[in-house]
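Chains as they are written, first to last, in the numbering used here: chain V, 1 to 682; chain X, 683 to 1364. Every residue gets a Cβ at the ideal spot worked out from N, C-alpha and C, and that includes glycine.
As structure tokens, then:
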């Protein structure tokens, strides 16, 4: 008896222990490291098989071409078909959807095991095809699903994981782990996921993300050591630049030029990507045909891309034989290509030899590579397979940076004189800076610099890289929304624009100016007929319940619609009489939220925005002396912000003040906000 | 006429442009870089003079001793006196106070130009004395003052800077710049300041901090290039470890041991520091004497410390001649001391030769250095001068790590065999890891790892360093609050404990369980007599104003006490009659907040905590159907959290669940929270 009680006590202790937060983090880290490593392994083997097949057929060029084109096409079509059949939610990057989910919006079927399977299989096939598709975005999605599923398992041990607040915490950590173990960059992973997904960030999640991401990256790198891919834990794309004098202050203008150009190029990339997506969504004969035959679009894109990169064909002028990772490794190498082009290749050149064409200048090859890969990446990432844009853009940035670096090396062939010593220019360093700047411009983040340090294992270029990334961000944020926000807008997902810094009007506009005054509500005397009418005329998920009809006192209860409907239908089947309809509601059967969010009329727009983005609200009720006077939903807020900042339908990035000032000075300022939308209820 | 209008338009445009946010950030960056560099320059010159004086007198040891002791004593006493006379708020680190201010509490006189002057002068003198005092904490304070003052200047151009919300944004950036340009570590600076000062962080401030800190660090490093201190922009404590094989997986246990030991040591440091402060605050004859003669305590501490470090005396056994920065440089060097001890010193050893004593083993010197500096640092940081603990702890951690590294090098004198190649152990790498782990343990942050990468310019040890920092944090957070929280508690500053992750009770406790139900309020019919009575019986700064006494409807107006008092006193002088007292209040003369924060009774503890920490509230009113039913202040929340988590009076770090579980399993769980305090109002 005593033994039984004791063992029960021990069991409970064990269960509580297993429900601990850090065990969740460790499990998440291990599982994601395994997934990441297996995917890398499988796609690397696939690429190896591809290269081997291609190499074996070198005696017959037409056959070689057939293999070069067919192999990726089969993989991409398989990925597309698999995703379409298993879970269409797995298509695309996943970061925009996660950003929306973390904002508090419920997107159905996005965090299921089905989506997990589709994403993992589709992504592995996509990466194994050698097409310019990225791993980072989908991996964030995969890690979030993993975190969500794991947290459900953990509820067995601890009830905490059921809370909706906790859900956000879990997904935030999932995102951090996703980026962190994708390339073994825990620190940059945490920062990138914060910048990309959050508006307000709980610092306790910083710690948790750091813990899980480090553990995950650690396991991920240890796995490759065990597999003899690496001798010890080092960076993925390790560089070997000289450290005693990494760069001279006189090179800074070149770095600044890279930053500014990358800003423009990044904005153009986002624009191009959106135009392709918008074109595909426009209803005409071609898109209807493509929608009916889903595999044709990815097949055609793959065919065109692979045909152009076919090494014996046009590919020889654009280093077409290089797979994305090989391209990065060669672009980050420590040679000066303008110097060795034409002469015998030095030892240790490796795959970089792909950049040398006997008749064509290195500059031309780099430029062609950049231009061709630019539109290829913008188009490839719109294919209906799981694919991110981070890695393709990273390759683009690296090639652009390298181009500038090689031009610098050609302009200063003897290096730069400082203090009597001639220091050679390192074009590889320019490539690293270009990669960070362009990814930063496309994603509107600055932590790409941190990811670059971790990927290359060298931090000596820290200051010029940060300057370039900041300049790229300034330009890109002034021109276009980030790639993820662009997708959110194109997909029409609910979002809340950023409040810019420095708009006095956000303190002068109050919630009473933007709220919808005609609120539909229920009271304790409401009949089923009224409820039916209410349900027909609104699409809201929650309805306020007030004390007495006359006084409109907020009773602060909310009805959950899905519950009412099912229960209402039941009622209908049971009793067909009309009389039943006039009976009052049985309120105790209804799911009620005892503390809905209340605002008062004089709450400023700034405060409202802060509360909405902090708490992930989708709507809030406005009360005056306890009386319900209005409701504010995400939509009203969105319109008010866009009205008050006068930036049309575009998101407000932190630096949009640049473009605002230009407009402000040309247009007279109006303090009244956009009229509130009445469409919420009528 | 047209020209005038045009130029006015241009002027307005210019004024708006100058009020732009990025101009504020650039100005802040430049000014802080100049301050940081000037302080470094002045303190370096002071140390140089100190060393020169000491060196010149080598023919006479007693005279040498006199200089060695007197020089720092004069500087420290000067710093102490200067701070006491100009601004006593400048004493200490400043980070605890800023954390409190960023929580929304108004601390008077902490962000004034006087405090700025006292802090800059006092800190320069302190750093120039060679005593183990740090620059990081005070520098955060300096930068925040600079940001606050600059924002006041900016209000001339743009009204936005007046808003109280904006104030938090400005101080957050100030903190980031402070850490960032202190050692030229922009990235680590931003992250460290987030971790140390915030609970919830607005991601838009991440961008702004990054921008300002990079700019500042850039100028800071460029200044030293212009001053010929450095050839180009590189790290402050640059290391030159081999990069091809930085460490072997078999060395990981040693790194883990460093992490765990640093956790314990860090917690002990915080404990020791608090005990010294508590002893100094205990009222007895000694402390009364010391309070009356303020200069005696710093003088005695300086005397004892310098006497013990006197190089020809005991200092020879603990490398006493090394100033803090020299110590770091030598501890991070690339030699293996156990190998070169006793033999002729190799070229390039430099200041590291201070660690070699002809008769005493290197281990003993390192151990003595660590033990002596440990208590010296803990005591020195309590002196009444501006002083941080970051740098002293960093030195301690480096020496501890180096000790472990040298032991490892002695255990494996031929290095570690891997794949047929023998890799030497790098003790300098252990020193870097130790430094990051110990500072992380003392401050409860993980971004010290990032600061280390930036300080050393090498990122090759990233994974072991992050593992060590995380382990150190796990241990330290389970044992003691962070140094800054410890100071907050000792100084009795208002604070809000962290809500731990994984306590289901935080969702089951509602605000109605913890609120104070007896609320004092005013109504429109209240007389001056009632107001006087109210003011006498409460110390609150704001008083709720309700509609009608009987119904207690919240009219959602707040009175600002300071305004009332001054205006009330005026009334008293004007009219001495008693009759005047019964007149009703003139409400339109009173400062009113039209949207105070309202909660409903069923708001969960978790939600309340989130709102309080997000919005920096100090109190919120609880309403039921519009009626005022209670008030919750920081104090109630604090007690409820400490009650519900059962961790006594200590703060809840993210990993405190470790110590909770142990207690939970031994004590039966009770779901009822601690009884609310009635002392707020009666």
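#1: Is it the case that the Cβ atoms of residue 1068 (chain X) and residue 805 (chain X) are separated by a distance below 8 Å?
#2: Have a look at the DSSP bridge pairing and note the partners of residue 816 (chain X).
#3: Counting Cβ pairs closer than 8 Å, one from the region 1143 to 1156 of chain X and one from the region 923 to 938 of chain X, do we hit at least three?
#4: State the DSSP-derived secondary structure class of residue 87 (chain V), mapped to helix, strand or coil.
#5: With DSSP as the reference, identify every bridge partner of residue 940 (chain X), one or two as the case may be.
#6: On the CB-based measure, 16 or more other CB atoms within 10 Å of its CB, does residue 85 (chain V) come out buried or exposed?
#7: Can you give, in chain order, each stretch of the alpha helix (DSSP H) that sits fully within the region 1039 to 1083 of chain X and has at least 4 residues?
#8: Who are the near neighbours of residue 112 (chain V) in its chain, counting only those whose CB is closer than 6 Å to its CB and skipping five residues on each side?
#9: Rounded C-beta distance between residue 330 (chain V) and residue 355 (chain V)? I'm assuming under 8 Å.
#10: With a threshold of 6 Å on Cβ separation, who are the neighbours of residue 725 (chain X) within its own chain once the five nearest residues in sequence on each side are excluded?
#11: How is residue 30 (chain V) classed by DSSP in three states: helix, strand or coil?
#12: Skipping 5 residues on each side, what residues in its chain have a beta carbon closer than 8 Å to that of residue 299 (chain V)?
#13: Taking only three categories from DSSP, how would you classify residue 185 (chain V)?
#14: Give me the chain V residues within the contact set of residue 1136 (chain X), using Cβ-Cβ distance strictly less than 8 Å, ordered along the chain.
#15: Identify whether residue 1286 (chain X) lies in helix, strand or coil by the three-state DSSP scheme.
#16: Indicate, with yes or no, if the ligand HEM has a heavy atom lying under 7 Å from the CB of residue 1310 (chain X).
#17: Taking only the alpha-carbon atoms, compute the straight-line gap between residue 54 (chain V) and residue 68 (chain V) and give it to the nearest angstrom.
#18: Who are residue 1312 (chain X)'s beta bridge partners in DSSP?
#19: Residues of chain V with CB closer than 7 Å to the CB of residue 869 (chain X), please, in chain order.
#20: From V:227, V:224, V:144 and V:274, pick the residue whose C-alpha is nearest to that of residue 213 (chain V); which is it?
#21: Report the neighbours of residue 904 (chain X) on chain V: residues whose CB is nearer than 8 Å to its CB, in chain order.
#22: Just curious, the beta strand (DSSP E) that residue 671 (chain X) is in, first and last residue?
#23: Comparing the C-beta of residue 1054 (chain X) with each C-beta of chain V, is any distance below 8 Å?
#24: Does chain X have any CB closer than 8 Å to the CB of residue 194 (chain V)?
#25: So which residues on chain V does residue 900 (chain X) lean against when the C-beta distance must stay under 7 Å?
#26: Do the region 48 to 62 of chain V and the region 270 to 290 of chain V make contact, defined as three or more Cβ pairs closer than 8 Å?
#27: In chain order, what residues of the region 201 to 214 of chain V put their CB closer than 8 Å to some CB of chain X?
#28: Nearest chain X C-beta to residue 306 (chain V) closer than 8 Å, yes or no?
#29: Quick check: the Cα distance between residue 388 (chain V) and residue 32 (chain V), rounded to an integer number of angstroms?
#30: CB-CB under 7 Å to residue 946 (chain X), same chain, minus the five flanking residues each way: which ones, in chain order?
#31: Classify residue 359 (chain V) as buried or exposed, calling it buried when 16 or more other Cβ atoms lie within 10 Å of its own Cβ.
#32: Checking 8 Å against the spacing of the C-beta atoms, do residue 628 (chain V) and residue 621 (chain V) come in under that value?
#33: Answer with yes or no whether the minimum CB distance from residue 907 (chain X) to chain V is below 8 Å.
#34: Can you round the beta-carbon distance between residue 821 (chain X) and residue 860 (chain X) to whole angstroms, since I take them to be within the 8 Å contact cut?
#35: Please say whether residue 790 (chain X) and residue 772 (chain X) have beta carbons closer to each other than 8 Å?
#36: Residues of the region 1102 to 1132 of chain X in Cβ contact with chain V at a cutoff of 8 Å, in chain order, please.
With the structure as the only source:
#1: Their beta carbons are under 8 Å apart, which means residue 1068 (chain X) touches residue 805 (chain X) by this criterion.
#2: As a beta-bridge residue in DSSP terms, residue 816 (chain X) pairs with X:1070.
#3: Contact between the region 1143 to 1156 of chain X and the region 923 to 938 of chain X is present, because at least three Cβ pairs lie under 8 Å.
#4: Secondary structure at residue 87 (chain V): coil, using DSSP grouped into helix, strand and coil.
#5: The partner list for residue 940 (chain X) (beta bridge, DSSP) is empty, contrary to what the question assumes.
#6: Under this definition residue 85 (chain V) is an exposed residue.
#7: If we require 4 residues or more, the alpha helix (DSSP H) runs fully inside the region 1039 to 1083 of chain X come out as 1044 to 1062.
#8: Excluding sequence positions up to five before and after residue 112 (chain V), its CB lies less than 6 Å from no other CB in the same chain.
#9: At roughly 7 Å, the Cβ-Cβ gap stays under 8 Å, so residue 330 (chain V) and residue 355 (chain V) are in contact.
#10: 806, 809 and 810, listed in sequence order.
#11: If DSSP states are grouped into helix, strand and coil, residue 30 (chain V) belongs with the helices.
#12: Excluding the 5 residues flanking it on each side, residue 299 (chain V) has same chain C-beta neighbours closer than 8 Å at 73, 76 and 77, in chain order.
#13: Coil, per DSSP.
#14: Identification of chain V residues near residue 1136 (chain X) by a Cβ-Cβ cut-off of 8 Å yields 459 and 462, ordered along the chain.
#15: DSSP places residue 1286 (chain X) in strand when its eight states are reduced to three.
#16: Here there are no bound small molecules, and the ligand HEM is not part of this structure.
#17: In this structure, the alpha-carbon of residue 54 (chain V) lies about 6 Å from that of residue 68 (chain V).
#18: BP columns for residue 1312 (chain X) point to X:1304.
#19: Per Cβ cutoff of 7 Å: 450.
#20: Nearest to residue 213 (chain V) by C-alpha distance, out of V:227, V:224, V:144 and V:274, is V:144.
#21: For residue 904 (chain X), the neighbours in chain V by C-beta distance under 8 Å run, in chain order, 249.
#22: Outside the shown range of chain X (683 to 1364) lies residue 671 (chain X), about which nothing can therefore be said.
#23: The beta carbon of residue 1054 (chain X) does not come within 8 Å of any beta carbon belonging to chain V, so the residue lies off that interface.
#24: Answer yes: the Cβ-Cβ gap between residue 194 (chain V) and chain X drops below 8 Å somewhere.
#25: Under the 7 Å cutoff, chain V gives 463 and 467.
#26: The region 48 to 62 of chain V makes no contact with the region 270 to 290 of chain V: fewer than 3 CB pairs, one atom from each, lie closer than 8 Å.
#27: For chain X, the residues of the region 201 to 214 of chain V that bring a beta carbon within less than 8 Å of one of its beta carbons are 201, 202, 203, 204, 206, 207, 208, 210, 211 and 214, in chain order.
#28: Not one chain X Cβ lies under 8 Å of residue 306 (chain V).
#29: If I take the Cα positions, the gap works out to 17 Å.
#30: Excluding positions up to five away in sequence, the list reads 1157.
#31: Result: exposed.
#32: A contact, by the Cβ cut-off of 8 Å.
#33: Any Cβ of chain V closer than 8 Å to the Cβ of residue 907 (chain X) would place that residue at the interface, and such an atom is present.
#34: 5 Å between Cβ atoms; contact.
#35: For residue 772 (chain X) and residue 790 (chain X), no; Cβs fall outside 8 Å.
#36: Sequence-ordered contacts of the region 1102 to 1132 of chain X with chain V read 1128, 1131 and 1132 [C-beta pairs closer than 8 Å].
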